[in-house]
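Residue numbers (full-length UniProt numbering), protein chains in the order written: chain A, 1 to 553; chain B, 1 to 553. Heads up, the beta-carbon is just placed ideally off N, CA and C, and yes, glycines get one too. Note that the structure is predicted; figures quoted are calculated from it, not measured.
Written out as structure tokens, the structure reads:
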């Protein structure tokens with residue numbers, strides 16, 4: 001069957017010739033002969049089609065391809081076969097037979113005898129080749145492969161070959177000569193998001209525009225609506241690997257420093273911090289709300305002799321902010337620790353922890369960072385081996401010297417934060433620094449005032465370069481302080497801040513039975529990833545983001 | 001001043017002698033003389049008291065003790081001093097000067113010249129001795145120490161000595177001869193819970209009862225109401241260290257097996273699993289609820305090519321169960337992974353993960369386990385290097401052979417679970433085993449049926465010994481399964497289970513774009529700790545437990 005043209009195509013050709021004929025007496029006879037010829041051709045074509053169909057049914061290689069029926073995917077047997085991860089497909093496997101499972105990333109038929117199938121697995125891609133050949137690959141098998149819908153899950157068995165010239169468009173520089181191919185799960189033919197479209201960088205769009213080409217741009221909302229497709233892009237897989245590394249390094253570092261991981265309740269009776277909006281709910285007839293931070297409970301753990309604690313868990317903010325950096329639910333990385341003398345002990349932990357984390361990401365996660373960078377280019381974060389510390393007043397002075405007037409007892413607004421980031425970058429060559437001794441008035445009631453100037457506080461914020469290129473911006477990423485550990489003083493501070501002390505009495509009472517001086521800090525996991533990678537939207541670093549308008553998927 | 005008796009004591013002695021006097025003429029004169037003597041004595045006493053007061057004010061050692069004023073605890077300075085952790089106070093520090101910070105665990109004055117102060121830090125205790133001596137320790141200093149309320153935070157500077165006989169009642173076998181002592185934070189004198197009372201084992205109560213003594217028993221509710229005191233007991237510190245180790249080992253093991261840690265939203269639009277009660281809330285005008293498990297989202301991560309994922313996070317159950325093993329909020333350890341052929345791949349992970357975890361706890365956490373065991377005695381968990389796997393039918397057969405009739409297509413009730421645990425322990429000598437191929441009808445709708453018997457499913461539960469001694473009980477601790485990955489079949493299964501498919505359409509839709517066969521499991525962190533340590537109540541292993549009646553602290 002290998003090189004026979006389709007009989008219906010031949011018939012169509014005959015029909016086309018027919019329509020051009022001119023009727024005459026002589027021609028009529030000729031026509032009759034022609035009609036007879038056509039009839040015979042049609043008969044032959046029908047016979048050939050029947051023969052082809054019979055041959056297709058009887059394809060001796062028919063068991064080497066096809067859709068796997070569900071029953072065979074219901075844990076029918078353990079065959080003992082091993083699937084080679086695509087990442088391990090290297091030249092050293094040349095001539096070896098391998099079994100792989102991946103997604104049909106791209107399917108391209110070349111004539112009827114050849115199909116190229118690019119498989120994808122966790123960001124790795126490999127080209128699989130089906131070429132019709134006697135006893136190995138039938139034409140029907142090639143046709144089956146070429147009919148696979150993109151994103152289908154496919155098992156391929158074949159032999160590894162190493163082409164003489166580099167393969168463009170796949171991560172792996174080997175090919176698989178396919179011997180068997182089975183579809184495990186067929187994707188819908190019409191994808192709401194094409195992975196290739198969703199993977200394009202801004203530079204690709206610009207190049208296409210310059211050459212008059214048109215590329216499909218996938219909007220943020222479409223991405224989030226079809227997040228199961230969107231997160232398949234190499235950049236997104238990279239982002240969530242980096243997120244995993246950040247929280248893992250956070251834990252690893254703190255465990256080595258004698259911290260204990262705790263889990264505090266998210267369902268609480270009062271509002272966890274005064275002021276901000278909380279999500280309220282009914283708890284078995286009692287009014288309750290979702291914790292806006294583990295602040296009170298992590299401090300209670302310190303009063304409970306845990307010494308040093310940390311938590312990784314969701315925090316909930318019912319704020320109406322619809323910005324690039326706010327979410328209604330995010331992952332908080334929280335730390336609280338006894339301090340012996342000075343809140344600088346907390347800043348020391350922040351310093352060493354984040355420098356160790358950034359070092360780790362740069363040293364061990366280049367593959368993931370590159371995957372992100374290919375779609376969303378960014379420069380490596382500039383940070384110092386020992387993090388720069390400026391007092392709030394020093395920061396204000398730098399801004400004043402640059403001609404910006406700042407309220408000495410107010411907070412920095414976004415604009416002045418960014419300007420200060422720029423000044424710090426110019427002067428100290430770092431995009432990561434701490435600002436401490438904030439005005440007391442702009443910090444939460446439980447913040448310890450300075451011993452010498454009660455209008456200031458033993459508190460700090462940490463800034464990191466903001467999104468975008470060039471990154472002249474600077475955003476607050478970590479907030480921390482020494483806490484008030486004296487119950488009477490804490491009550492007084494709460495009152496002074498307009499908080500109804502009776503609503504937080506169990507919190508205040510927890511300091512009545514001896515409380516060590518202590519401090520801590522909190523940071524949002526999604527923000528660390530966003531700003532380390534200079535991404536422009538926190539929705540890119542939250543797996544299933546929640547904002548005032550989005551509660552699904 | 002060192003060895004002078006108090007002048008008021010001398011005056012009192014004189015008074016006492018006076019009352020015994022008999023009045024007579026001769027005696028009257030004598031009496032007058034005596035009165036004059038007394039007057040002189042009183043004068044002398046007053047003068048001495050004045051002198052003493054002056055001396056107290058002028059105590060040349062006055063700067064060596066006292067309450068630290070708040071201003072000195074507001075990060076006034078970094079002195080560069082180092083505090084030695086109590087845990088490191090060993091004989092090798094003999095004759096060295098150390099600075100320590102801890103709680104006043106116990107204070108005992110012996111006469112006026114000596115005070116013993118036991119300091120406690122993270123479960124370690126050390127005896128500090130104050131003996132009046134010229135130029136080192138004044139009587140006022142001893143008095144100050146003896147007046148410290150229990151649980152106050154205290155800084156002590158002193159010299160390490162090694163007594164010739166073992167010290168009873170402290171973990172550290174050295175003493176500190178105090179040179180300086182400062183109170184950092186004074187505890188309220190009346191403690192709602194005495195740490196010693198809260199630390200007693202059942203055996204201590206029994207011994208006290210036998211000898212007619214009476215000990216204060218601290219009830220569960222009192223403990224939870226004053227959790228900041230309750231968690232200071234050695235057993236509780238041990239429990240939360242073990243909890244930290246369990247979740248850390250869980251992560252460490254899975255990261256090495258190529259799993260990615262994810263964070264899925266707790267605020268969701270529908271109910272995460274049909275049936276059970278959920279906490280409902282208003283989300284910016286939309287009806288929302290708290291996730292009862294990360295089930296759907298972790299599966300979506302698998303559809304998003306993450307391959308293998310895990311999550312450690314809160315799960316919420318609005319159930320009204322008021323049992324020893326249910327909480328309204330607990331920490332879920334969740335796993336989801338692609339499977340190539342068989343749900344046994346998931347069971348393999350469970351097996352290796354938990355055996356590695358138990359090995360780690362037994363090998364590296366003996367100190368913490370001993371601290372728990374001293375208050376709540378338990379035998380080491382019996383488990384096999386390769387976890388026993390029985391099919392549900394095999395389990396039913398074992399029960400039937402023991403004379404217990406079981407519905408072959410129903411679930412095991414608590415009683416039969418416990419009986420089976422006992423039979424398994426007797427036959428296989430393990431308190432940790434898996435039961436798989438459960439009846440389909442008793443599993444969630446997304447569970448994959450068996451290929452050969454559709455009334456059964458590719459699911460499993462893992463059982464561990466229950467609470468109490470002797471531990472004949474057995475409790476379900478882990479639940480897992482292969483999931484249905486075919487959207488049409490999933491819809492049909494949901495409908496068959498009475499679920500309104502439209503409420504879970506985004507979940508079902510996530511399988512339409514190619515979905516690898518996959519499975520996973522979930523386990524409650526608090527239950528693992530509770531049952532590994534054979535504790536009798538899950539409230540003991542939750543830092544701030546939430547049950548239908550408890551929303552604070």
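Three-way DSSP call (helix, strand, coil) for residue i in this model
i: residue 341 of chain A; result: coil
i: residue 415 of chain A; result: helix
i: residue 321 of chain A; result: coil
i: residue 385 of chain A; result: coil
i: residue 257 of chain A; result: coil
i: residue 167 of chain B; result: coil
i: residue 280 of chain B; result: strand
i: residue 178 of chain A; result: strand
i: residue 240 of chain A; result: helix
i: residue 161 of chain B; result: strand
i: residue 274 of chain B; result: The predicted model places residue 274 of chain B with a pLDDT of 49, which falls under 50 and marks its position as unreliable; any figure quoted below should be read in that light. In this structure, residue 274 of chain B counts as coil in the three-state DSSP scheme.
i: residue 68 of chain A; result: coil
Whether residue i touches residue j by CB criterion (8 angstroms)
i: residue 378 of chain B; j: residue 533 of chain B; result: yes
i: residue 186 of chain A; j: residue 258 of chain A; result: no
i: residue 113 of chain B; j: residue 139 of chain B; result: yes
i: residue 229 of chain A; j: residue 266 of chain A; result: no
i: residue 434 of chain A; j: residue 484 of chain A; result: no
i: residue 356 of chain B; j: residue 240 of chain B; result: no
i: residue 181 of chain A; j: residue 160 of chain A; result: no
CB contact check: residue i to chain A, cutoff 8 angstroms
i: residue 66 of chain B; result: no
i: residue 450 of chain B; result: yes
i: residue 264 of chain B; result: yes
i: residue 71 of chain B; result: yes
i: residue 364 of chain B; result: no
i: residue 74 of chain B; result: yes
i: residue 408 of chain B; result: no
i: residue 283 of chain B; result: yes
i: residue 553 of chain B; result: yes
Closer than 8 angstroms to chain B by CB, residue i
i: residue 429 of chain A; result: no
i: residue 188 of chain A; result: yes
i: residue 278 of chain A; result: no
i: residue 255 of chain A; result: yes
i: residue 458 of chain A; result: yes
i: residue 420 of chain A; result: no
Span separating the alpha-carbon of residue i from that of residue j
i: residue 293 of chain B; j: residue 446 of chain B; result: 14 angstroms
i: residue 236 of chain B; j: residue 506 of chain B; result: 43 angstroms
i: residue 545 of chain B; j: residue 330 of chain B; result: 8 angstroms
i: residue 519 of chain B; j: residue 454 of chain B; result: 18 angstroms
i: residue 353 of chain A; j: residue 82 of chain B; result: 21 angstroms
i: residue 94 of chain B; j: residue 154 of chain B; result: 22 angstroms
i: residue 475 of chain A; j: residue 491 of chain A; result: 32 angstroms
i: residue 256 of chain B; j: residue 388 of chain B; result: 24 angstroms
i: residue 396 of chain A; j: residue 408 of chain A; result: 7 angstroms
i: residue 536 of chain B; j: residue 465 of chain B; result: 12 angstroms
i: residue 346 of chain B; j: residue 436 of chain B; result: 12 angstroms
i: residue 211 of chain B; j: residue 440 of chain A; result: 59 angstroms
Whole-Å CB distance - residue i paired with residue j, under 8 angstroms assumed
i: residue 314 of chain A; j: residue 300 of chain B; result: About 17 angstroms separates the two Cβ atoms, so there is no contact after all.
i: residue 115 of chain A; j: residue 152 of chain A; result: Residue 115 of chain A to residue 152 of chain A, Cβ: 14 angstroms. No contact.
i: residue 184 of chain B; j: residue 68 of chain B; result: 5 angstroms
i: residue 246 of chain A; j: residue 528 of chain A; result: 5 angstroms
i: residue 382 of chain A; j: residue 414 of chain A; result: Actually they are not in contact, since the Cβ atoms of residue 382 of chain A and residue 414 of chain A sit about 21 angstroms apart, beyond 8 angstroms.
i: residue 107 of chain B; j: residue 172 of chain B; result: With 8 angstroms as the limit, residue 107 of chain B and residue 172 of chain B do not qualify as a contact, their Cβ atoms being about 17 angstroms apart.
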